[in-house]
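A short write-up of the structure that comes next.
Residue numbers (UniProt numbering): 1 to 464.
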């Protein structure tokens with residue numbers, strides 16, 4: 001009998017050791033998931049809420065800026081020369097004409113764009129002109145290659161940097177860097193709970209939190225990846241990687257000095273030489289550039305015609321980023337209007353196409369209203385997950401000092417088998433190098449947790 005009891009005791013002890021040895025991973029994931037939610041949660045919440053507003057701006061701006069954007073005129077569209085001349089007469093005297101975005105459809109106004117001293121980088125003054133009557137419809141400051149209007153510009157800057165410039169961009173990079181980790185970590189914890197329980201895991205807020213996480217997983221991973229491509233530090237590393245593997249987005253060169261690329265160029269007798277000076281640009285040149293671009297295959301309704309500077313060509317670019325994507329571009333010699341450079345979306349590397357589609361999907365422009373509604377749904381779900389996570393933490397927070405506080409991730413790693421430990425350390429170092437904001441924040445998390453552990457270690461339990 002004693003031998004039997006001894007055997008059972010040894011078996012129980014060995015079983016306990018096996019459980020302890022095999023339980024390092026889930027506690028580690030749980031602790032990291034908790035810290036991401038606790039410290040990065042506010043930034044994720046800001047990104048989600050500002051993302052909801054950003055996704056809805058097309059509808060808001062269509063009403064807010066209706067006078068500048070739309071007209072009720074019906075009739076023949078005037079040449080760009082007339083429209084540009086009207087805009088130049090209205091623009092400030094120090095404004096420099098830089099580009100024109102012709103009216104894409106009936107009822108929408110033409111945008112004549114000017115560079116104006118004192119504006120922020122990538123900002124331009126847009127003068128809106130009725131294409132039928134050449135009447136001025138107002139002016140707005142527009143931003144970036146997308147030409148976004150003031151409300152969306154403000155929300156974009158808030159979503160990306162909290163209006164704090166380059167320093168503020170670290171907030172969005174922090175959120176994007178950890179979003180995919182917390183999403184996958186939550187999936188692992190949900191799977192572990194499902195294995196332990198035959199029925200539904202958790203009740204109330206926990207169950208709601210888990211359901212949101214599982215349902216929104218793909219979207220959260222997508223937001224994380226596409227957000228990182230725009231980030232300051234990780235985005236730079238991603239750009240270098242794309243360049244290294246030939247995945248970069250082709251860019252249109254407007255530098256003159258090359259032969260025309262159209263199929264009849266060899267019969268035209270036009271040789272391209274960089275001009276010493278450039279004759280003044282007038283509105284009629286925009287009509288010539290538009291006609292030449294149409295003949296060269298630029299078919300999109302939404303285009304931008306950018307006038308040349310000395311030594312450079314006209315650039316006519318498709319700017320329709322809704323499905324199907326139209327972003328072809330041609331460069332035109334300023335004298336002959338012959339095509340000297342062409343970039344076609346059909347010839348983009350697959351990675352560049354995926355990047356283009358990913359960015360446009362993230363911005364809510366690829367599939368119009370449906371795209372915007374899906375973004376709102378995912379962003380609202382993320383916000384709900386952050387809020388429910390905080391509520392769960394508050395309800396279960398320690399209200400007494402415990403003798404054995406929750407172990408630090410560093411303590412948990414001490415129980416990790418050598419092979420998984422080496423893999424974790426190697427992966428952490430690699431991610432810290434590729435995603436610097438993640439690496440720095442991880443060190444801060446671990447330091448805070450280690451300090452907490454040391455401060456609470458060994459204290460006696462205090463009853464509620």
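Glycine is no exception: its CB is placed at the ideal position from the N, C-alpha and C atoms.
Do residue i and residue j have their C-beta atoms within less than 8 Å of each other?
i: residue 175; j: residue 369; result: no
i: residue 474; j: residue 190; result: Only positions 1 to 464 of the chain appear in the structure, and residue 474 is not among them; the question remains open.
i: residue 149; j: residue 61; result: yes
i: residue 328; j: residue 345; result: yes
i: residue 304; j: residue 58; result: no
i: residue 80; j: residue 134; result: no
i: residue 121; j: residue 246; result: no
i: residue 100; j: residue 113; result: yes
i: residue 192; j: residue 418; result: no
i: residue 383; j: residue 89; result: no
i: residue 375; j: residue 321; result: no
i: residue 392; j: residue 196; result: no
i: residue 235; j: residue 226; result: no
i: residue 300; j: residue 326; result: yes
i: residue 254; j: residue 296; result: no
i: residue 146; j: residue 124; result: no
i: residue 82; j: residue 283; result: yes
When we look at the beta-carbon of residue i and count the other beta-carbons within 10 Å, is it buried (16 or more) or exposed?
i: residue 36; result: buried
i: residue 433; result: exposed
i: residue 63; result: exposed
i: residue 94; result: exposed
i: residue 251; result: exposed
i: residue 308; result: buried
i: residue 340; result: buried
i: residue 498; result: The chain is shown from 1 up to 464; residue 498 falls before or after that span and cannot be answered.
i: residue 466; result: An answer regarding residue 466 cannot be provided, because it is not within the stretch 1 to 464 covered by the chain.
i: residue 426; result: exposed
i: residue 394; result: exposed
i: residue 165; result: exposed
i: residue 266; result: Since pLDDT at residue 266 reaches only 36, below the 50 mark, its modelled position is unreliable, and no value is offered.
i: residue 444; result: exposed
i: residue 238; result: buried
i: residue 182; result: buried
i: residue 364; result: buried
i: residue 317; result: buried
In chain order, what residues of the same chain have a beta carbon less than 7 Å from the beta carbon of residue i, not counting five sequence neighbours either side?
i: residue 50; result: 155, 158 and 159
i: residue 130; result: 71, 73, 109 and 137
What is the rounded straight-line gap between the Cα of residue i and the Cα of residue j?
i: residue 55; j: residue 244; result: 33 Å
i: residue 242; j: residue 347; result: 16 Å
i: residue 179; j: residue 356; result: 21 Å
i: residue 65; j: residue 438; result: 40 Å
i: residue 323; j: residue 84; result: 30 Å
i: residue 397; j: residue 204; result: 17 Å
i: residue 352; j: residue 249; result: 5 Å
i: residue 388; j: residue 188; result: 18 Å
i: residue 208; j: residue 385; result: 8 Å
i: residue 152; j: residue 422; result: 46 Å
i: residue 46; j: residue 39; result: 13 Å
i: residue 285; j: residue 140; result: 24 Å
i: residue 313; j: residue 333; result: 5 Å
i: residue 338; j: residue 96; result: 25 Å
i: residue 142; j: residue 430; result: 39 Å
i: residue 298; j: residue 186; result: 47 Å
i: residue 452; j: residue 128; result: 59 Å
Between which residues of its own chain and residue i is the CB-CB distance below 8 Å, once the five residues before and five after are set aside?
i: residue 161; result: 167, 168, 169, 171 and 172
i: residue 200; result: Any reading at residue 200 must be qualified, since the residue scores a pLDDT of 46, below 50, and its modelled position is unreliable; no value is offered.
i: residue 378; result: 216, 219, 220 and 223
Excluding the 5 residues preceding and the 5 following residue i in the sequence, name in chain order all residues of the same chain whose CB lies nearer than 6 Å to its CB.
i: residue 454; result: none
i: residue 177; result: 435, 437 and 438
- Task: With a floor of 3 residues, list each beta strand (DSSP E) that falls wholly inside the segment 54-118, ordered by position along the chain.
- Result: 96-101 and 110-115
- Message: In chain order, what are the residue ranges of uninterrupted alpha helix (DSSP H) at least 4 long that sit wholly in the segment 187-234?
- Response: 204-215 and 217-230
- Of all the alpha helix (DSSP H) runs that stay within the bounds of the segment 115-189, which reach a length of 4 or more residues? 150-161
- Task: Return the chain-ordered ranges of every alpha helix (DSSP H) run that is complete within the segment 324-412 and spans a minimum of 4 residues.
- Result: 350-363 and 368-396
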